[in-house]
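Residue numbers (my numbering), protein chains in the order written: chain A, 17 to 401; chain B, 6 to 274.
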């Protein structure tokens with residue numbers, strides 16, 4: 017089936033080549049890591065994880081959000097998602113692939129990555145994160161591909177695939193829970209040491225992921241003959257609305273606990289993120305943009321009449337996606353390192369090559385997504401004939 | 006603690022003794038004393054530790070820092086203007102003002118001499134080290150004598166241990182620590198000590214309580230070099246050791262003991 021991705025319009029190939037160029041630039045930037053070491057990034061002794069691990073965290077959420085299509089379709093027999101459930105699974109594949117690359121480029125000794133499995137260490141959450149992500153990638157490849165193959169042959173999917181589909185539902189929850197445990201289980205980093213981190217991760221994931229899916233559906237409607245259908249898109253809009261509300265409710269709970277208890281360690285990072293600490297506030301503009309975009313999106317989403325307008329829904333989805341990307345893809349990880357264990361503030365700005373590598377990995381993810389979506393759409397087109 | 010709770014703890018202790026055998030006998034012993042039990046109160050086996058007498062430590066003296074970094078091939082990374090490169094620096098033992106080393110123990114009313122006193126900080130070789138717990142490859146591990154060590158050849162450079170260490174004791178080699186232009190030297194000018202490995206870039210490192218010297222029946226270099234005798238090293242679990250004598254005779258504090266890591270470095274203030 018994948019050969020269907022090799023035939024496309026001029027516009028399709030222009031897009032693919034543009035992505036390939038970005039990937040090549042990213043690969044060149046990564047060669048600078050291999051030549052000079054991670055010194056070319058903006059990371060430091062104090063802020064020892066930066067945008068790479070932050071992107072991992074965000075994209076695990078995007079990957080997990082496939083469950084928001086799989087669950088209603090397979091468990092509740094919500095037929096309207098039948099057409100787009102494959103889009104969710106394929107988005108998960110691209111997102112997990114990016115996650116894995118972000119882990120590898122962040123490593124000081126990437127050539128030793130296999131040590132994680134040569135010396136499996138069950139007490140390390142990173143070991144479990146690598147394990148659950150690998151299995152989740154396999155599950156989505158299997159479920160997505162088998163379902164698509166059945167569609168191509170115009171037969172119902174084989175029965176043996178069902179257990180794997182059902183397994184993928186709790187597994188999606190597990191990948192984001194384990195990712196939250198990377199942070200929520202370590203002593204001395206008060207910003208992360210909160211039992212609500214995993215629930216908050218899931219809420220923000222189920223807002224950001226489906227928001228991206230809506231945008232992708234609207235894009236496909238514009239550039240191809242594939243139409244997800246208004247009802248499916250609106251249902252996704254409802255999911256985004258509830259998840260976004262729950263996410264901001266959780267953020268409010270974090271703020272209450274930190275500021276009402278008045279415990280300095282619990283307030284410091286919030287202070288740093290929003291108003292600055294010790295006169296340093298590099299992330300403050302981002303934090304405010306994130307907060308305001310999120311609230312703006314909620315205003316647009318909460319009124320059904322507003323979000324029924326596709327253009328307004330699109331604006332709301334762009335806003336909430338950007339808001340949650342800043343929240344998880346920047347503030348959460350970097351903020352957690354401020355202040356350092358000596359209560360000093362060291363700020364972080366990504367390095368030039370670090371930004372290029374990040375763009376390169378996103379381009380690779382976009383390429384995987386393009387190829388998979390192209391295949392799926394062509395298969396569906398032929399099946400419809 | 007009220008009697009009911011104590012009874013409950015005793016019963017729970019006895020219950021776990023039946024269930025888990027000998028290991029939990031230690032828990033019961035601590036619970037008998039009416040204190041909440043934590044694993045860090047277990048005093049069986051060997052546990053190497055250190056006492057830092059901050060009163061004896063002289064402000065301008067850097068003897069312990071210099072000898073440690075010299076013999077362990079730690080590079081001295083500087084900015085072009087000569088100030089320390091706080092982004093990439095590698096350090097095993099260094100000095101911090103008291104209020105930075107003990108943020109929760111300093112206030113506006115702490116004596117000025119204490120608040121600004123420079124105290125030596127290093128890896129605490131914790132009893133329950135969070136760095137060891139999070140390492141995905143067992144590249145950092147706790148030896149039977151309580152010393153937390155690094156395997157530089159297994160470390161994948163994920164830096165999870167740096168996030169997990171609440172003491173900022175760990176450094177990463179963001180770049181090659183050896184001076185490329187000047188073979189035989191580390192960055193910063195120290196000669197390479199061929200008795201101890203140099204690191205490649207991309208791995209984490211920290212104080213090792215001079216494990217390589219202990220193997221030769223020598224004490225840690227910082228302890229040996231300190232002209233004031235401000236550092237005492239020994240087995241915390243041995244009631245006859247010198248370090249136990251010092252701990253018995255002085256009030257000491259640990260850095261962030263509330264986190265349950267069980268730091269093995271104690272401070273006299």
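No residue lacks a Cβ here, since even glycine has one placed at the ideal position from N, Cα and C.
Contact between residue 113 of chain A and residue 346 of chain A does not hold, since their C-beta atoms are separated by about 21 Å, which reaches or exceeds 8 Å. Short of 8 Å from the beta carbon of residue 330 of chain A, and not among the five residues preceding or following it, lie these beta carbons of its own chain, in chain order: 230, 231 and 234.
Within the same chain, Cβ atoms closer than 6 Å to the Cβ of residue 75 of chain A are found at 111, 114 and 115, the five residues on either side in sequence being excluded. Of all alpha-carbon atoms in B:50, B:63 and B:136, the one lying nearest the alpha-carbon of residue 153 of chain B is that of B:136. Cβ atoms of residue 72 of chain A and residue 118 of chain A come within 8 Å of each other, at about 4 Å. Within 8 Å of the CB of residue 264 of chain B, the CB atoms of chain A belong to 203 and 204, in sequence order along the chain. Against chain A, a Cβ distance below 7 Å from residue 141 of chain B picks out 132, 137, 140, 142 and 143. Note that the C-beta distance between residue 208 of chain B and residue 166 of chain B is not below 8 Å. Restricting attention to alpha helix (DSSP H) runs no shorter than 4 residues, the segment 133-168 of chain B encloses them at 135-139, ordered along the chain. When the five nearest sequence neighbours on each side are left out, the beta carbons in the same chain lying within less than 7 Å of the beta carbon of residue 302 of chain A are those of 342, 346 and 347, in order along the chain. Assignment of residue 246 of chain A by DSSP, reduced to helix, strand and coil, places it in the helix class. At a cut-off of 4 residues, the continuous stretches assigned as alpha helix (DSSP H) that sit fully inside the segment 320-364 of chain A are 320-323, 326-342 and 348-352.
For residue 215 of chain A, the enclosing alpha helix (DSSP H) stretches over residues 213-239. Closest in alpha carbon position to residue 92 of chain B, among A:26, A:364 and A:283, is A:364. Comparing alpha carbon positions, the residue from A:163, A:282 and A:309 closest to residue 109 of chain B is A:282. For residue 65 of chain A, the residues of chain B that pass the 7 Å Cβ criterion are 164 and 168, in the order they occur in the chain.
In this structure, the beta-carbon distance from residue 244 of chain A to residue 100 of chain A falls below 8 Å.
Apart from sequence neighbours up to five positions away, the residues of its chain that approach residue 270 of chain A with a beta-carbon distance below 7 Å are 210 and 212, ordered along the chain. For residue 106 of chain B, the closest Cβ of chain A is nearer than 8 Å.
Against chain A, the CB of residue 76 of chain B has no partner CB under 8 Å away; the residue lies outside that interface. Pairwise C-beta distances place the segment 115-130 of chain B in contact with the segment 55-72 of chain B, as three or more of them are shorter than 8 Å.
Among the CB atoms of chain B, none fall inside 8 Å of the CB of residue 376 of chain A. Listed as beta-bridge partners of residue 55 of chain B by DSSP are B:238 and B:270. At a cut-off of 8 Å between beta carbons, residue 116 of chain A makes no contact with chain B. Residue-level contact check: residue 160 of chain B touches chain A, since one or more beta carbons of chain A fall below 8 Å from its beta carbon. Residue 221 of chain B sits in coil when the DSSP states are folded into three classes, being neither helix nor strand.
What residue 359 of chain A touches in chain B, judged by beta-carbon distance under 9 Å, is 104, 105 and 108, going in chain order. The segment 188-205 of chain B and the segment 227-240 of chain B do not touch, with fewer than three beta-carbon pairs separated by less than 8 Å. Only those residues of the segment 69-101 of chain A whose C-beta falls short of 7 Å from the nearest C-beta of chain B would be listed, and there are none. Under the DSSP definition of a beta bridge, residue 83 of chain B partners with B:89. Judged by pairs of C-beta atoms under 8 Å, the segment 310-318 of chain A touches the segment 255-267 of chain A, as three or more such pairs exist. Among the residues of chain A, those whose CB is under 7 Å from the CB of residue 180 of chain B are 52, 53 and 55, following chain order. Think of a sphere of 8 Å around the beta carbon of residue 123 of chain A: the chain B residues whose beta carbon falls inside it are 161, 162, 163 and 207, in chain order. When CB distances to chain A are screened at a threshold of 7 Å, the residues of the segment 69-102 of chain B falling below it are 91, 92, 93, 94 and 101, in chain order. In the DSSP assignment, residue 125 of chain B falls outside any alpha helix (DSSP H) and lies within the beta strand (DSSP E) extending over 123-127. In the DSSP assignment, residue 102 of chain B falls within the beta strand (DSSP E) that extends over 98-102.
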